[in-house]
Structure formats: structure tokens, C-alpha cells
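Asks:
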């Protein structure tokens, strides 16, 4: 690769943060997050200090993207217990368990949600000897740490992912696995931000990603904000673009990755992977290790969320289908490992056979 | 196949008709067509007696579907000249040429448009000895004949296509190649209507077909009207449906078919064909011979219409992408012959090698 100048860090939106009410202490505090349902027409920041509103924000996709959901959930537990009147650490830990159980019902597919909630729950159960005030502070600081670690993981994924980019490359991406899905640089978009920082020229095709249009609303918006050349297409144009134009690679994120490498991601990812294979285009998955679920042998064990029919038929301000029509609306699909060229995490690049390479990246 | 009862003919909408002002004569008259841009929310019939409005109806997809466009264009010429003050057949024929040249600029990809216009132009040029009144009547009667022939061709396609259906089959279709795309039974949907008439049970998955949602708005509507079980999916769900559920065949229409069998159809068709191949599902194209363009050796010679960006970004009543975003909006793609199991026309079933089988169905 030729030596290219290093540009300033890219400006990316602050998707989710913890705002403390005092300079010295993290609690009480509130979650500040972009309401992603209003993008790209309005950039509105929600400030939430109520666990029910956190659950609602995850459920209704005000915050979405597997890593960002994990951060929101961890912060959601901090919010849930920060005003608790618990008299002991033990009593507070029970409230933590209640909050984690509740937040776990918000969405089923992204494993980062459960990973973050389990981390907080374990932490609370291991620290019942602390005073309630100390434990509240510990939970909030861990939630903030999950956010900061995510930001660092995105940077690391970006560095490793650079290996798969060259100056002048065109990348096709599906859904949003960018800064809006994470704390900062995103997963699939992280190598692109990193490449642009290095002065490389990268073009992006963004699938609009029906039904909720995360590609059109979020990926197109954040890349445009960062000054990166992005062209919006409908999902069904990807095959034509791959054949007629020059696409060097497909970059996607993940919501859960099974032990054999089978990857759950936004509905349509599996189709894009098949199209990439048909056009001999490499297909890369980018995700932090918190997305790996080695307890599942293969993708068919990953639960697939179905969303309400109205997200398809009434998502745009007017009804686009006849009344009473039967709709099938899976939110995710499974891309089988054999269609994946490599899985890039914050610790390195896993290549097939994933059942052998993935465990090396997950701590015991 | 077991003996099944024959049910009454299916009730399908009257997509396009010629309405004469007197019982004895066809001219003056007007075109009556469903305004397909208002479906499925409103069923509105347009009555048009002005060639500019016909051009506009084709351009803006108030009438769409390759066969229906051909019918509209032929009737458009009848409308254009019916009030002419031409003093001779020769003079009227020149006006016919002007009208056909004008209508030919409405859309570039569907060859049926040019086929119908050429037929009318040739007819006029061959009958300049007639009086203007006689020639007007001849043109209108030919336009009506094109409609009636199309209805008959759809029935024949339905009969031949039955070969690829069995009781209990599930068919996936893309865009609308049904009654709304033709005079009556459609092309890709004709075998399904015919099978239902025979008492068979057929289920349909309808791709919504972005950007203009002909699957959600039109296919779902007309199948629902006919009482046929139809499930709406987003385009990017087709791969998941093929893998997880039982899809026996993919049925699509065509806008132009080259001599080697390469087929232009609604954007997304090529992707569906690749997905069908990956899942070992047969992929059938249904089209009248007027869709065959044997003057073109292969699909890369077919002009591909690009549509305005706003059809993607503003098609649903609210803007779904950031302002100023770059958009690529091809209206069609080319499915290469090697992905097509068979091409069914009104004269029979063409199988690969299409460069050998297709010419047999086209009259010299």
C-alpha cells in the first residue's frame, strides 16, 4: 500500500452517552442518545432516566445496532437502580437482576444485549458487600466502560479491517453498522472511516435496507455527514450494481455469530452474501467479540425476531399494500459461514474454518 | 396430476379498454384505464382521449407492465388521430407516424411499446388508399385487436404455464406481471389464475418491488381481489424465504427478451434469479412473443431506463434519505439466459438453448 497522509479523525455522531449530574459522581445521571427513528430528517437527542423508556427505545429502534443496544441496556440498568431505596448491596443486586430480566425482553436476536446485561448482573452479584451507593456507582461506571470499550473496539476493528481496503475501492454495505450502531466508528464502517483518515478514497453503495431503511436513513446520513462518497440503492439493485459496476467488497455488521461462523444480521444480508459469491466479491463481517455466541453451534439456533406487519405496509406515512394483506416480516436472517470470507473483530481477523478460529478470540 | 374440478373464470380487473362513443363505430372513443399509481388505496379509472395524456400515463406508470404499455400506445395512436382533419389517407398516415414517434419516447425498455407502435405505423402506411375516416376506424380496431389478442395470449400462457404448477405449490413472484400489466390474466400470474380455476391450491410470495412497490401495491392487491393466498415480503427477504420456507418456483414477466434468452425485467429480477439458482428453485419467465426482440443478440444491448432519484427517496409521502444524497435508480436489470429454466409464451414453452428455441416462436 502506498504511504498516504494521515488526516484528522473523522467526525462521527455521538450515538449514545452517559450524562452525569455532577462532575464528581456518575450517578444520578441520564442516557443521552440520538433518536434514530427521526433520522435523517431531524437530529434529536433523547435524554432518558427511566428504565421503561430505555426498554421502549430499544424495542422501537430509537437506538439500534447490536453494540449500541448492549450499551443502552447496560446504561438502562444504571438508570433503573440509581434512585433505588435499597438498604443493602444484596437488596440492590436483586433489583439489578429484575432490571436485567426486564431489559432482556426488549429484543431477541442481538446477543450483545444479553452479553451486556449478564456482565452487569454478574458484577452486581459479585459485589453485594458494597454499600448501595457504591454499587450504583460501580454499575454506572461499568456501563460507561462498556461504551468506551466499544469505542476502542470499533477503532481496533477499523485498523484490522484496513487490510481489506485499497485506495479507490468501492464497498457495498447493508443496513447500518456504522457510528449510529455503536459508540463511535461503527463495525463495518470502521475500516472505511479509518481508510479515509489515511487519505484513501473509498466509495460506498448503501442498500436502503427495507423495511426500516437503516441504510437510506442512517448509513447514507452518517457517511454524508463525514464527507464520504455514498450512493443509495434499493436492496433489489445490489445484484445489478455488482454485475454492472465495480464493487470490490461487501462489508456488513452482525447481531450474533454462532460457533461455526454462521452470522445473524439484518434481513437481506444472506441474500447479499449469495449475490457477492455469484459475482466473486469477498464478503466480510465486522463485529466485536461480544457478538460471538459460542454457546450456539450454528446459525439455525439463533432466534429470529419477527417485526409487526405495519413496519412494511405503513412505514412511510402512507399505506403501500392492500388492507388485511398477509405479511412476513423477519428482522434478521442467517448468513452461513461458507459465504463469509473473514470475520473481523477487535482482536484480529478470523478466517475459515471459523469453528477453529473464533474460539481463539473469545476469553475463557 | 389428479382430476380437479374446473371453477368459474377468475375475476380480474379491467386494466385497459377502449370505450366507443357510439355502438356502431369505434371512433371517436377514449381509453379507459386503471390509474395504477393510486392502487391499492383507491381504484380510479382514467378516461383519456388526448395523446399527451397517454404519453404521460405511460411515463408516470399510471399504466405499466410491458403488454399493457403496448396496448396503451396503440390506443394512444387511435386517440391521437381520431379528430384529425386530414384530407387523405396519406396525410393521416403521416400524422400516425408523428404520433408513434412521440409515444415511442415515453419509456425505453419494454419492447412491446415499439412493437405495438410499429404495427400501427405499418398498417397506416399500407392503407393510405383508404379514406381518413376508414383509416381511423382501422387503427382503432387494430388497437382493440391488440388488446383482445393480449387477453387471448395471457390465457394461452396460463395454459402452457400450468405444466410448471402442482396442487399445493408455492410460487414467488417479483413486481407485477398480472392482470394489471396486461389486458386480462397477466403473464407470470396467468398460470396461477388458471390453476386456481382448475381447483388447485397455489400460494404466492409477492416481493414488494422497490422503489415503486408494484408487488405490494398491485400484485398483492389483484391476488387478494381474486381470493388467492398471497404473502407480502420485502425484496431483501426473498433469500430467507427460499431457504426457510418452501418455494417451488419463481415466476416473473419480462419487458424485453434478446435472441439468446437474456431477459430485461423489473430491477431486482436478476437478483431473484441468482437466489433461485442458489436454492435450486426453477426460475420461469412468462411473456408474449411481442416481448421477444430477436434483433438484439444479447441482454447487454437492451437499453436500461434510469428513473428519477425521488422515486426512491420520496416515494412514500415522506423523505427517507438525507437531502442531496446520490442515488442510482435503474428501473430494470438483465437476467442472463443461463439462470432461466424456461420461457413460456402464447405459442408454447421455450427451453435452453434459447438462441435455438426462441426463433421458432416468432413469425417471419
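Protein chains in written order, with the numbering used here: chain S, 86 to 449; chain B, 86 to 449.
C-beta atoms are modelled at their ideal positions from N, C-alpha and C, and glycine is treated no differently.
Here the structure is a predicted model, which is why all the values come from computation and not from measurement.
Any beta-carbon of chain S closer than 9 Å to the one on residue 340/B?
Replies: Taking the first residue of the second chain as position 1, residue 340/B is located at position 255. With 9 Å as the cut-off, residue 340/B does not count as an interface residue toward chain S.
Asks: Quick one: give me the first and last residue of the beta strand (DSSP E) that residue 337/B is part of.
Replies: As a position in the second chain, residue 337/B is number 252, starting the count at 1. Per DSSP, residue 337/B belongs to the beta strand (DSSP E) from 334–337.
Asks: Taking any Cβ of chain S, which residues in the segment 341–370 of chain B have a Cβ under 9 Å from it, in chain order?
Replies: 351, 352, 353, 354, 355, 356, 357, 358, 359, 360, 362, 363, 364
Asks: Is residue 138/B closer than 9 Å to residue 146/B when the C-beta atoms are compared?
Replies: The residue given as residue 146/B occupies position 61 in the second chain. The residue given as residue 138/B occupies position 53 in the second chain. No, these two residues do not count as a Cβ contact at 9 Å.
Asks: I'd like to know if residue 33/S contacts chain B, where contact means its C-beta is closer than 9 Å to some C-beta of that chain.
Replies: Residue 33/S cannot be examined here, being either before or after the span of chain S that is shown, 86 to 449.
Asks: Does DSSP classify residue 385/S as helix, strand or coil?
Replies: One-based indexing of the first chain puts residue 385/S at position 300. Residue 385/S: helix per DSSP, three-state reduction.
Asks: Check the Cβ of residue 401/S against every Cβ in chain B and list those closer than 7 Å, keeping chain order.
Replies: Mapped onto the first chain, residue 401/S falls at position 316. Those are 401, 402, 403, 405, listed as they occur along chain B.
Asks: Taking 8 Å as the limit between beta carbons, can you name the residues of its chain near residue 423/B, skipping five residues before and five after?
Replies: Indexing the second chain from 1 puts residue 423/B at position 338. Correct list, in chain order: 437.
Asks: Return the bridge partner residues of residue 415/S from the DSSP annotation.
Replies: Stepping through the first chain from its first residue, residue 415/S is reached at position 330. DSSP output for residue 415/S lists 391/S as bridge partner(s).
Asks: Indicate the three-state DSSP secondary structure (helix, strand or coil) for residue 358/B in the structure shown.
Replies: In the second chain, counting from the first residue as 1, residue 358/B sits at position 273. Looking at residue 358/B - three-state DSSP - the assignment turns out to be helix.
Asks: What is the DSSP secondary structure of residue 159/B, reduced to helix, strand or coil?
Replies: In the second chain, counting from the first residue as 1, residue 159/B sits at position 74. In the structure shown, residue 159/B sits in a helix (DSSP, three-state: H, G or I).
Asks: Does the distance from the C-beta atom of residue 303/B to that of residue 121/B stay below 9 Å?
Replies: The residue given as residue 303/B occupies position 218 in the second chain. The residue given as residue 121/B occupies position 36 in the second chain. Yes, Cβ-Cβ distance for residue 303/B and residue 121/B is below 9 Å.
Asks: Comparing alpha-carbon positions, which option in 179/S, 159/S, 287/S, 169/S lies nearest residue 231/S?
Replies: Counted from its first residue, the first chain places residue 231/S at position 146. Selected option, being the one with the closest Cα: 159/S.
Asks: Assign residue 436/B to one of three DSSP states: helix, strand, or coil.
Replies: One-based indexing of the second chain puts residue 436/B at position 351. Residue 436/B: coil per DSSP, three-state reduction.
Asks: Roughly how many whole angstroms lie between the Cα atoms of residue 447/B and residue 189/B?
Replies: Taking the second chain and counting its residues from 1, the one referred to as residue 447/B is at position 362. Taking the second chain and counting its residues from 1, the one referred to as residue 189/B is at position 104. Here the alpha carbons of residue 189/B and residue 447/B stand approximately 22 Å from one another.
Asks: Can you tell me where the beta strand (DSSP E) holding residue 318/B begins and where it ends?
Replies: Along the second chain, read from residue 1 onward, the residue named residue 318/B stands at position 233. Per DSSP, the unbroken beta strand (DSSP E) holding residue 318/B starts and ends at 314–318.
Asks: Looking at C-alpha atoms only, which residue of 172/S, 252/S, 200/S, 352/S is the closest neighbour of residue 337/S?
Replies: Position 252 of the first chain, counted from the first residue, corresponds to residue 337/S. Minimum Cα distance to residue 337/S is reached at 352/S.
Asks: Keeping to the same chain, check which residues put their C-beta closer than 6 Å to that of residue 383/B; ignore five residues upstream and five downstream.
Replies: As a first step, residue 383/B must be located in the second chain, where it is residue number 298. Same-chain partners within the cutoff: 343, 345, 347.
Asks: Helix, strand or coil: how does DSSP classify residue 149/S here?
Replies: On the first chain, residue 149/S is found 64 positions in, with the first residue counted as 1. Here residue 149/S carries a coil assignment [DSSP, helix/strand/coil].
Asks: Kindly indicate if chain S contains any beta-carbon less than 9 Å away from that of residue 398/B.
Replies: If you number the second chain from 1, residue 398/B lands on position 313. Taking 9 Å as the threshold, the shortest C-beta distance from residue 398/B to chain S falls below it.
Asks: For residue 94/S, which residues of its own chain have a beta-carbon under 7 Å away from its beta-carbon, when the five flanking residues on both sides are left out?
Replies: Position 9 of the first chain, counted from the first residue, corresponds to residue 94/S. Cβ neighbours of residue 94/S beyond the five flanking positions: 282.
Asks: Kindly list, in the order they appear in chain B, the residues whose Cβ is closer than 9 Å to that of residue 218/S.
Replies: Taking the first chain and counting its residues from 1, one reaches residue 218/S at position 133. Residues of chain B passing the Cβ test: none, with the nearest at roughly 45 Å.
Asks: Specify, as a first and last residue, the run of the alpha helix (DSSP H) that residue 132/S falls within.
Replies: As a first step, residue 132/S must be located in the first chain, where it is residue number 47. From DSSP, residue 132/S is part of no alpha helix (DSSP H) but of the beta strand (DSSP E) over 130–133.
Asks: Identify, in the order they occur along the chain, each residue of the same chain with its Cβ nearer than 7 Å to the Cβ of residue 387/S, setting aside the five sequence neighbours on each side.
Replies: Counting from one through the first chain, the residue named residue 387/S turns up at place 302. Once the five neighbours on either side are set aside, the close Cβ partners of residue 387/S are 194, 341, 343, 349, 381, 419.
Asks: Determine the chain B residues that contact residue 316/S at a beta-carbon separation under 9 Å, and present them in chain order.
Replies: Within the first chain, numbered from 1, the residue matching residue 316/S stands at position 231. The answer, in chain order, is 410, 411, 412, 413.
Asks: Using a Cβ cut-off of 7 Å, pull out every chain S residue sitting near residue 296/B, in sequence order please.
Replies: One-based indexing of the second chain puts residue 296/B at position 211. Those are 319, listed as they occur along chain S.
Asks: With a threshold of 9 Å between beta carbons, is residue 200/B in contact with chain S?
Replies: As a first step, residue 200/B is located in the second chain; it is residue number 115 there, counting from the start. With 9 Å as the cut-off, residue 200/B does not count as an interface residue toward chain S.
Asks: With residue 325/S and residue 415/B assumed to form a contact (beta carbons below 8 Å), what rounded beta-carbon distance in angstroms separates them?
Replies: Your numbering for residue 325/S matches position 240 in the first chain. Your numbering for residue 415/B matches position 330 in the second chain. Yes, they are in contact, since the Cβ atoms of residue 325/S and residue 415/B sit about 6 Å apart, within 8 Å.
Asks: When Cβ atoms are compared, which residues of the segment 172–200 of chain B fall closer than 8 Å to chain S?
Replies: none
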